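**Student:** Numbering (this note's numbering), first residue to last: 13 to 479. Even for Gly, the Cβ is constructed at its ideal location relative to N, Cα and C. As the structure is a computational prediction, the values presented were derived from the model and not from experiment.
1. Under the three-state reduction of DSSP, which class applies to residue 363: helix, strand or coil?
2. Suppose contacts are defined by Cβ-Cβ distances below 8 Å. Is residue 110 in contact with residue 67 by that definition?
3. Could you tell me the distance, in whole angstroms, from the CA atom of residue 272 to the CA atom of residue 174?
4. Taking only the alpha-carbon atoms, compute the straight-line gap between residue 177 and residue 376 and give it to the nearest angstrom.
5. Among all the DSSP beta bridges, which residues are the ones paired with residue 89?
6. In whole angstroms, what separates the C-alpha of residue 263 from that of residue 257?
7. Who are the Cβ neighbours of residue 478 in its own chain at under 6 Å, not counting the five residues just before and after it?
8. Considering only the beta carbon of each residue, do residue 384 and residue 261 sit closer than 8 Å?
9. Which one or two residues does DSSP pair with residue 75 in a beta bridge?
10. In chain order, what residues of the same chain have a beta carbon less than 7 Å from the beta carbon of residue 230, not counting five sequence neighbours either side?
11. If you run the structure through DSSP and keep just helix, strand and coil, what is residue 460?
12. Identify, in the order they occur along the chain, each residue of the same chain with its Cβ nearer than 7 Å to the Cβ of residue 85, setting aside the five sequence neighbours on each side.
13. Between the stretch 234-249 and the stretch 299-307, do three or more beta carbon pairs fall short of 8 Å?
14. Residue 224 lies in the beta strand (DSSP E); which residues open and close that run?
15. Just confirm the distance between the C-beta atoms of residue 214 and residue 281, as a whole number of angstroms; I'd bet it's less than 8 Å.
16. Would you list the residues sitting across from residue 288 in a DSSP beta bridge?
17. Hey, residue 336 and residue 185: beta-carbon distance below 8 Å or not?
18. Starting from residue 269, trace the beta strand (DSSP E) both ways and give me its first and last residue.
19. Are the beta-carbon atoms belonging to residue 126 and residue 89 less than 8 Å from one another?
20. Quick check: what's the CA-CA separation for residue 205 versus residue 393?
21. Give me, in chain order, the residues of the same chain whose beta-carbon lies closer than 6 Å to that of residue 8; leave out the 5 immediate sequence neighbours on both sides.
22. For the putative contact between residue 94 and residue 120, defined by C-beta atoms under 8 Å, what is the C-beta separation to the nearest angstrom?
23. Helix, strand or coil for residue 49? Go by DSSP, reduced to three states.
24. Taking the Cβ atom as the reference point for each residue, do residue 45 and residue 136 lie within a distance shorter than 8 Å?
25. Mind checking whether residue 71 and residue 41 have CB atoms under 8 Å apart?
26. May I ask which residues mark the beginning and end of the alpha helix (DSSP H) holding residue 477?
27. CA-CA distance, residue 293 and residue 312?
28. Got a sec, what are the start and stop residues for the alpha helix (DSSP H) residue 312 sits in?
29. Could you tell me the distance, in whole angstroms, from the CA atom of residue 276 to the CA atom of residue 179?
30. How should residue 77 be labelled, buried or exposed, when 16 other C-beta atoms within 10 angstroms of its C-beta is the threshold for buried?
31. Can you tell me the Cα-Cα spacing of residue 283 and residue 409, whole angstroms?
32. Report the rounded CA-to-CA distance for residue 341 versus residue 200, giving the unit in angstroms.
33. Taking buried to mean at least 16 other C-beta atoms within 10 Å of its own C-beta, is residue 23 buried or exposed?
34. Do residue 270 and residue 315 have their beta-carbon atoms positioned less than 8 Å apart in this structure?
35. To the nearest whole angstrom, what separates the beta carbons of residue 476 and residue 456, a pair I think is in contact under 8 Å?
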């Protein structure tokens, strides 16, 4: 019998395939699940292959005793189904009480494991929850891919003219061995640019070593960079290669390079000149081949003129400078980035994708973003985690965004549902009149002078508004 011959009516429901030899097992499941799902039965190898190739199938319940000689063979089939279709919800059922089966089924890709006879209400609830979650995950993944394919470059999101200049610079320098310094404010994504250079260059399959020079105390940076021999200092119980050695044949990325002290700057300069590195306590330098990429948010030229950064090292690292623009200069990129982060964090937290009201985007675009893309990402992550609804309104945004944005003032003044203009104007009139009367101890003529209106009009307004 073809796998589709037992399809039940109800095109608005998910398709669930039950792979079992037992008509009684399928009958029990049909009675328990048909109100919520469309069911089909399969039992032969050909029918199972048809199921896997059928994009309408959303989930499979596999009776492990159906395949081969028992549950172990069923586990192998489960593993193969998951390899071919990672979008399917998979449930394993068995009559075997072997203690290792639940773990084996999970490792093979099963979302759930049940012993027969299966409790129908529990199965129905779990199927619904799992299908909704997997649909959300795959919708989020698909949408992210669409966004990134439209306006992205090697993992960097943005289609503005300013970012396209960055992309062209990355492409120009990626295939060379020239030293690159990536410059820009904190949070603009300098490390992403470094990764893009590596991914699009000739060394993309070689080691990529990163070090934030400001993240380690001075006493540790030297040993981390250059490595050490056994006994080089107290606690050096064994030899350890440094990060420069680890980057051999690949790329070394030094973020916040201006935080290195003058001594380390001199040693790094010597490595770049000689292409040799010597461990602390070592006597024999080692030949090293690596590409250096550095990054900083400091004014390098100013630091050189003040004597805080070596001029000769400056010329060594500043062969090709790439400036990453601040977010405020990336016209049109904020909606793309917000959409990207919304999909990312909604999917990661198992939440339906949120929608932003139009004025929210206006507020985000009005804000100056001193923390750049990193700050925007944090704001979106907070909106996803802290908000229960599917719509993000202006009042959900952090206070510092609202107080700094003209669009936010408009959104607060006129909410999405609109306002009763006459009623709002009356509130303003009452507020001014009450304030003037309090200031003048209730004397209407004096209050009229304060408000610069005719005394007769003042009396009229007081009668009209029952003041």
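**Tutor:** Inspection of the coordinates gives the following:
1. Working through the chain shown from its first residue, we reach residue 363 at position 351. If DSSP states are grouped into helix, strand and coil, residue 363 belongs with coil.
2. Walking along the chain shown from the start, residue 110 turns up at place 98. Walking along the chain shown from the start, residue 67 turns up at place 55. Going by C-beta atoms, residue 110 is not nearer than 8 Å to residue 67.
3. Residue mapping note: residue 272 aligns to position 260 of the chain shown, counting from 1. Residue mapping note: residue 174 aligns to position 162 of the chain shown, counting from 1. About 30 Å.
4. Residue 177 sits at position 165 when you count from the first residue of the chain shown. Residue 376 sits at position 364 when you count from the first residue of the chain shown. Going from the Cα of residue 177 to the Cα of residue 376 covers about 23 Å.
5. Along the chain shown, one-based indexing puts residue 89 at 77. Looking at the DSSP assignment, residue 89 forms no beta bridge with any residue, so it has no partner.
6. Residue numbering aside, residue 263 sits at position 251 when the chain shown is read from its first letter. Residue numbering aside, residue 257 sits at position 245 when the chain shown is read from its first letter. Straight-line Cα distance between these residues: approximately 10 Å.
7. Start at 1 with the first residue of the chain shown, and residue 478 comes out as number 466. Here the set comprises nothing.
8. Taking the chain shown and counting its residues from 1, one reaches residue 384 at position 372. Taking the chain shown and counting its residues from 1, one reaches residue 261 at position 249. Cβ atoms of residue 384 and residue 261: not closer than 8 Å.
9. Along the chain shown, read from residue 1 onward, the residue named residue 75 stands at position 63. Residue 75 pairs with 105.
10. Stepping through the chain shown from its first residue, residue 230 is reached at position 218. These residues qualify, in order along the chain: 273.
11. In the chain shown, residue 460 corresponds to position 448, counting from 1. If DSSP states are grouped into helix, strand and coil, residue 460 belongs with the helices.
12. Reading the chain shown from its first residue, position 73 is the one you call residue 85. Here the set comprises 79.
13. no
14. Start at 1 with the first residue of the chain shown, and residue 224 comes out as number 212. Counting along the chain, the beta strand (DSSP E) containing residue 224 begins and ends at 220-224.
15. In the chain shown, the residue the question calls residue 214 occupies position 202. In the chain shown, the residue the question calls residue 281 occupies position 269. Not confirmed; about 25 Å, so no contact.
16. Translated into the one-based positions of the chain shown, residue 288 becomes position 276. BP columns for residue 288 point to 299.
17. In the chain shown, the residue the question calls residue 336 occupies position 324. In the chain shown, the residue the question calls residue 185 occupies position 173. Not closer than 8 Å, so no.
18. As a first step, residue 269 is located in the chain shown; it is residue number 257 there, counting from the start. Where residue 269 is concerned, there is no enclosing beta strand (DSSP E), given that its DSSP letter is neither H nor E.
19. The residue you call residue 126 lines up with position 114 of the chain shown. The residue you call residue 89 lines up with position 77 of the chain shown. Not in contact: residue 126 and residue 89 (Cβ atoms no closer than 8 Å).
20. Reading the chain shown from its first residue, position 193 is the one you call residue 205. Reading the chain shown from its first residue, position 381 is the one you call residue 393. Using only the alpha carbons, I get a separation of about 22 Å.
21. Since the first and last residues shown for the chain are 13 and 479, residue 8 lies out of range.
22. Translated into the one-based positions of the chain shown, residue 94 becomes position 82. Translated into the one-based positions of the chain shown, residue 120 becomes position 108. Residue 94 to residue 120, Cβ: 6 Å. Contact.
23. In the chain shown, residue 49 corresponds to position 37, counting from 1. Looking at residue 49 - three-state DSSP - the assignment turns out to be strand.
24. In the chain shown, counting from the first residue as 1, residue 45 sits at position 33. In the chain shown, counting from the first residue as 1, residue 136 sits at position 124. Against a cut-off of 8 Å, the Cβ pair of residue 136 and residue 45 comes out as a contact.
25. If you number the chain shown from 1, residue 71 lands on position 59. If you number the chain shown from 1, residue 41 lands on position 29. No. Outside cutoff.
26. Counted from its first residue, the chain shown places residue 477 at position 465. Element bounds for residue 477: n/a, residue is neither H nor E.
27. If you number the chain shown from 1, residue 293 lands on position 281. If you number the chain shown from 1, residue 312 lands on position 300. In a straight line, the C-alpha of residue 293 is about 32 Å away from that of residue 312.
28. The count along the chain shown starts at 1 and reaches residue 312 at position 300. Note, residue 312: alpha helix (DSSP H), 312-317.
29. Along the chain shown, one-based indexing puts residue 276 at 264. Along the chain shown, one-based indexing puts residue 179 at 167. If I take the Cα positions, the gap works out to 32 Å.
30. For the purposes of this step, residue 77 is taken as residue 65 along the chain shown, with counting starting at 1. So residue 77 counts as buried.
31. Residue 283 sits at position 271 when you count from the first residue of the chain shown. Residue 409 sits at position 397 when you count from the first residue of the chain shown. So the alpha carbons of these two residues sit roughly 49 Å apart.
32. Counting from one through the chain shown, the residue named residue 341 turns up at place 329. Counting from one through the chain shown, the residue named residue 200 turns up at place 188. So the two alpha carbons sit approximately 11 Å from each other.
33. Along the chain shown, one-based indexing puts residue 23 at 11. No answer about residue 23 holds up, because its pLDDT of 34 lies below 50 and its placement is not dependable.
34. The residue given as residue 315 occupies position 303 in the chain shown. The residue given as residue 270 occupies position 258 in the chain shown. In contact: residue 315 and residue 270 (Cβ atoms closer than 8 Å).
35. On the chain shown, residue 476 is found 464 positions in, with the first residue counted as 1. On the chain shown, residue 456 is found 444 positions in, with the first residue counted as 1. Not confirmed; about 13 Å, so no contact.
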